[in-house]
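Participant:
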DNA sequence: GCATTTTATTTGTAAATGCAAATAAACGAC
DNA sequence: GTCGTTTATTTGCATTTACAAATAAAATGC
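Residue numbers (my numbering), protein chains in the order written: chain E, 64 to 207; chain U, 64 to 207.
#1: Could you work out which residue in U:166, U:126 and U:114 is closest to residue 146 (chain U) when comparing CA atoms only?
#2: Go ahead and pull the three-state DSSP assignment for residue 139 (chain U).
#3: Short of 8 Å Cβ to Cβ, which residues in the segment 158-191 of chain E face chain U?
#4: Give the interface partners of residue 122 (chain E) over in chain U, defined as CB-CB distance under 9 Å, in chain order.
#5: If residue 101 (chain U) sits next to residue 82 (chain U), beta carbons under 8 Å apart, how far is it from one beta carbon to the other, in whole angstroms?
#6: I'd like the ranges of any alpha helix (DSSP H) spanning at least 4 consecutive residues and lying wholly in the segment 113-187 of chain U.
#7: By the criterion of Cβ-Cβ separation under 8 Å, what are the contact partners of residue 202 (chain U) in chain E?
#8: Compute the beta-carbon to beta-carbon distance between residue 165 (chain E) and residue 107 (chain E), rounded to the nearest angstrom, for a pair I have assumed lies under 8 Å.
#9: Under a three-way DSSP split, which group does residue 198 (chain E) fall into?
#10: Return the first residue and the last residue of the alpha helix (DSSP H) that residue 87 (chain E) is part of.
#11: Throw me the rounded Cβ distance for the residue 169 (chain U) and residue 64 (chain E) pair, which I believe falls under 8 Å.
#12: Closer than 8 Å by beta-carbon distance: list the chain U residues that pair up with residue 71 (chain E), in chain order.
#13: Tell me, please, whether the segment 134-154 of chain E touches the segment 183-203 of chain E by the rule of three or more beta-carbon pairs shorter than 8 Å.
#14: Looking at C-beta atoms only, is the number of pairs between the segment 170-181 of chain E and the segment 86-104 of chain E that lie closer than 8 Å three or more?
#15: Under 7 Å Cβ-Cβ, which residues of chain E neighbour residue 105 (chain U)?
#16: Check whether the Cβ of residue 142 (chain U) lies closer than 9 Å to any Cβ atom in chain E.
#17: Could you give the C-beta distance for residue 79 (chain U) and residue 103 (chain E), rounded to a whole number, given that I count them as a contact under 8 Å?
#18: Would you say residue 130 (chain E) faces chain U, with C-beta separation under 9 Å as the test?
#19: To the nearest angstrom, how far is the alpha carbon of residue 84 (chain E) from that of residue 68 (chain E)?
#20: Does the Cβ of residue 75 (chain E) lie closer than 8 Å to at least one heavy atom of the ligand NAP?
#21: Determine the closest residue to residue 109 (chain E) out of E:162, E:182 and E:194, with distance taken between C-alpha atoms.
#22: Enumerate in chain order the residues of its own chain whose CB-to-CB distance from residue 149 (chain U) is below 8 Å, with the five nearest sequence positions on each side excluded.
#23: Going by C-alpha to C-alpha distance, which of U:70, U:105 and U:183 sits closest to residue 66 (chain E)?
#24: Report yes if the CB atom of residue 197 (chain U) is closer than 9 Å to the CB atom of residue 183 (chain E), and no otherwise.
#25: Does DSSP put residue 207 (chain E) in a helix, a strand or coil?
#26: So that I know if they touch, is there some Cβ in chain E lying closer than 9 Å to that of residue 114 (chain U)?
#27: Under 9 Å between the Cβ atoms of residue 98 (chain E) and residue 127 (chain E)?
#28: Roughly how many angstroms lie between the CA atoms of residue 195 (chain U) and residue 186 (chain U), to the nearest whole one?
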């Protein structure tokens, strides 16, 4: 193996860690955390997702997610609702306060993406997105 | 903001989390963790790095790193040595056992990169590396 | 050279995390 | 319809993590 800074998993982690830390600091004053934002963002796309699906989407372990959602419920950002058709599943719904907070974070998130991608041509961004999706899908195969 | 799976920080985190988890499971039977590997990899490149530099390189918070190094010392993988010229700094040195473990992990790490990049043309890999470095550097500017 | 500030690491402590076990509901076989 | 199995979520508990304060040594100003 060559130098560390040619090792893709390293570069990936390093870039991800830096964005995550910076973003987390930015949303803390709003009473939110990066992980909370991930949940809100997933629900913004489609409300009423179940815990398990949220766990997959956000890459947050289910047990961690349970406790994170506990906090978010205390803050009245989301609401747990038992699925009437299948009482095992819990669906998460964003409250009005949750939507308000989401609206405040969205522009911050947009700005972060812009900063991260400063100097990238639109094509380059597309290529990067495609590469990251592909990389993720490749790792999938290890789970069979 | 559009769909989540077009949001680069999301794609970045998702891909990174998946590699990290899978890799961590793989090295656990060897008595190592992903974070330990990061330290070993950084020292493989240059032995005797100081704690602060290791923290930056590995994206592990210094206080977390201290405790991680405690464990690694207990396992006799590394050794702390005070710098004789500047008694504030602690330099980390890999032991023989540490080198042995490193040699066992390197092929696993190589395999993981190969799996992650399966189907990528060499040029595409280079473009990805460049993009990730650039993205990291862009985030740098937030720290001024 | 002494006091002040800066730099490097560690420690205290609370919060976040992850695995495994527990709970609870639905499904399937019979 | 009951029993064993699978699926979804939560809880118990030990580990990891991070922020802030503490320690300790060097550099700086005077």
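Glycine included, each C-beta is placed from N, C-alpha and C at the ideal position.
Facilitator: If we stick to the structure as given:
#1: As a first step, residue 146 (chain U) is located in the second chain; it is residue number 83 there, counting from the start. Of the candidates U:166, U:126 and U:114, the one whose C-alpha sits nearest the C-alpha of residue 146 (chain U) is U:114.
#2: Position 76 of the second chain, counting from 1, holds the residue named residue 139 (chain U). Correct three-state label for residue 139 (chain U): coil.
#3: 169, 172, 173, 175, 176, 178, 179, 180, 181, 182, 183, 187, 188, 190 and 191
#4: Numbered from 1 along the first chain, position 59 holds the residue referred to as residue 122 (chain E). Neighbours of residue 122 (chain E) on chain U, chain order: 76, 77, 79, 80, 81 and 84.
#5: In the second chain, counting from the first residue as 1, residue 101 (chain U) sits at position 38. In the second chain, counting from the first residue as 1, residue 82 (chain U) sits at position 19. About 12 Å separates the two Cβ atoms, so there is no contact after all.
#6: 114-121, 125-137 and 159-179
#7: Taking the first residue of the second chain as position 1, residue 202 (chain U) is located at position 139. Those are 78, 81, 82, 85, 178 and 179, listed as they occur along chain E.
#8: In the first chain, counting from the first residue as 1, residue 165 (chain E) sits at position 102. In the first chain, counting from the first residue as 1, residue 107 (chain E) sits at position 44. That belief holds up - the Cβ atoms of residue 165 (chain E) and residue 107 (chain E) are roughly 5 Å apart, short of 8 Å.
#9: By one-based count along the first chain, residue 198 (chain E) stands at place 135. In this structure, residue 198 (chain E) counts as helix in the three-state DSSP scheme.
#10: The count along the first chain starts at 1 and reaches residue 87 (chain E) at position 24. That run of the alpha helix (DSSP H) goes 71-90.
#11: Along the second chain, one-based indexing puts residue 169 (chain U) at 106. Along the first chain, one-based indexing puts residue 64 (chain E) at 1. About 5 Å; that satisfies the 8 Å criterion.
#12: Locating residue 71 (chain E) in the first chain gives position 8, where the first residue counts as 1. Correct list: 176, 179, 180, 188, 191, 192 and 195.
#13: no
#14: yes
#15: Reading the second chain from its first residue, position 42 is the one you call residue 105 (chain U). Neighbours of residue 105 (chain U) on chain E, chain order: 67.
#16: Here residue 142 (chain U) refers to the residue found at position 79 when the second chain is read from its first residue. Taking Cβ atoms only, chain E never reaches closer than 9 Å to residue 142 (chain U), which makes this a no.
#17: The residue given as residue 79 (chain U) occupies position 16 in the second chain. The residue given as residue 103 (chain E) occupies position 40 in the first chain. Rounded, the Cβ-Cβ distance is 20 Å, inconsistent with contact.
#18: Along the first chain, one-based indexing puts residue 130 (chain E) at 67. Using beta-carbon distances, residue 130 (chain E) does not count as an interface residue toward chain U, since no partner is under 9 Å.
#19: Mapped onto the first chain, residue 84 (chain E) falls at position 21. Mapped onto the first chain, residue 68 (chain E) falls at position 5. When rounded, the distance between both Cα atoms is 20 Å.
#20: Judged by which ligands are present, the structure shown has none, so any question about the ligand NAP falls away.
#21: On the first chain, residue 109 (chain E) is found 46 positions in, with the first residue counted as 1. Taking each of E:162, E:182 and E:194 in turn and checking the Cα distance to residue 109 (chain E), the smallest one comes out for E:162.
#22: Here residue 149 (chain U) is taken as the residue at index 86 of the second chain, counted from 1. Around residue 149 (chain U): no qualifying Cβ.
#23: The residue labelled residue 66 (chain E) in the question sits at position 3 within the first chain. Of the candidates U:70, U:105 and U:183, the one whose C-alpha sits nearest the C-alpha of residue 66 (chain E) is U:105.
#24: Start at 1 with the first residue of the second chain, and residue 197 (chain U) comes out as number 134. Start at 1 with the first residue of the first chain, and residue 183 (chain E) comes out as number 120. Closer than 9 Å, so yes.
#25: Position 144 of the first chain, counting from 1, holds the residue named residue 207 (chain E). For residue 207 (chain E), the predicted model reports a pLDDT of 45, less than 50, meaning its position is unreliable; a value from the coordinates is still stated below. Correct three-state label for residue 207 (chain E): coil.
#26: Here residue 114 (chain U) refers to the residue found at position 51 of the second chain. Chain E contact via Cβ: absent.
#27: Here the question's residue 98 (chain E) lines up with position 35 in the first chain. Here the question's residue 127 (chain E) lines up with position 64 in the first chain. Yes, the Cβ-Cβ distance between residue 98 (chain E) and residue 127 (chain E) is below 9 Å.
#28: In the second chain, counting from the first residue as 1, residue 195 (chain U) sits at position 132. In the second chain, counting from the first residue as 1, residue 186 (chain U) sits at position 123. Distance between the alpha carbons of residue 195 (chain U) and residue 186 (chain U): 14 Å.
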